[in-house]
Amino acid sequence: VGIGYVGPRRIIFQGGRISYKDRPVGTYDRTGNGQINGKPIQLQKDGNLFLLVELRPAA
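Take 5 as the starting number for the sequence shown in this note's numbering and just add one per residue.
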């Protein structure tokens with residue numbers, strides 16, 4: 005189980021699912037690729053921390 009915070013929002017990462025307020029909002033796989041509300045994301049390891057990165061096309 006992983007717990008992340010975006011401002012005051014608590015997001016739960018567990019078993020490939022991403023939940024907010026006990027509602028599923030996204031998914032991720034073993035490589036760290038996934039989506040939240042249809043937006044592509046990537047989980048990246050940085051030492052003992054994991055970063056959630058929203059992937060956007062280059063401008």
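Even glycine gets a Cβ: it sits at the ideal position worked out from N, Cα and C.
Q: Report back the beta-carbon spacing between Gly42 and Tyr32 to the nearest angstrom; my notes put them in contact at under 8 Å.
A: Counted from its first residue, the sequence shown places residue 42 at position 38. Counted from its first residue, the sequence shown places residue 32 at position 28. That pair is no contact at about 14 Å.
Q | Closest residue to Val5 among Phe17, Arg60, Ala62 and Ile22 (Cα-Cα distance) | A | Translated into the one-based positions of the sequence shown, residue 5 becomes position 1. Answer by Cα proximity: Phe17.
Q) Could you check where the beta strand (DSSP E) with Asp33 kicks off and where it finishes? A) Reading the sequence shown from its first residue, position 29 is the one you call residue 33. Note, Asp33: premise wrong, no beta strand (DSSP E); not H, not E.
(Q) Checking the sheet assignment: what are the DSSP bridge partners for Leu47? (A) As a first step, residue 47 is located in the sequence shown; it is residue number 43 there, counting from the start. Note: Leu47 sits in a beta bridge opposite Leu56.
Q: Find out if the Cβ-Cβ distance for the pair Gln39, Val57 is shorter than 8 Å.
A: Locating residue 39 in the sequence shown gives position 35, counting from the first residue. Locating residue 57 in the sequence shown gives position 53, counting from the first residue. It is not a contact, given that the beta carbons lie outside the stated cut-off.
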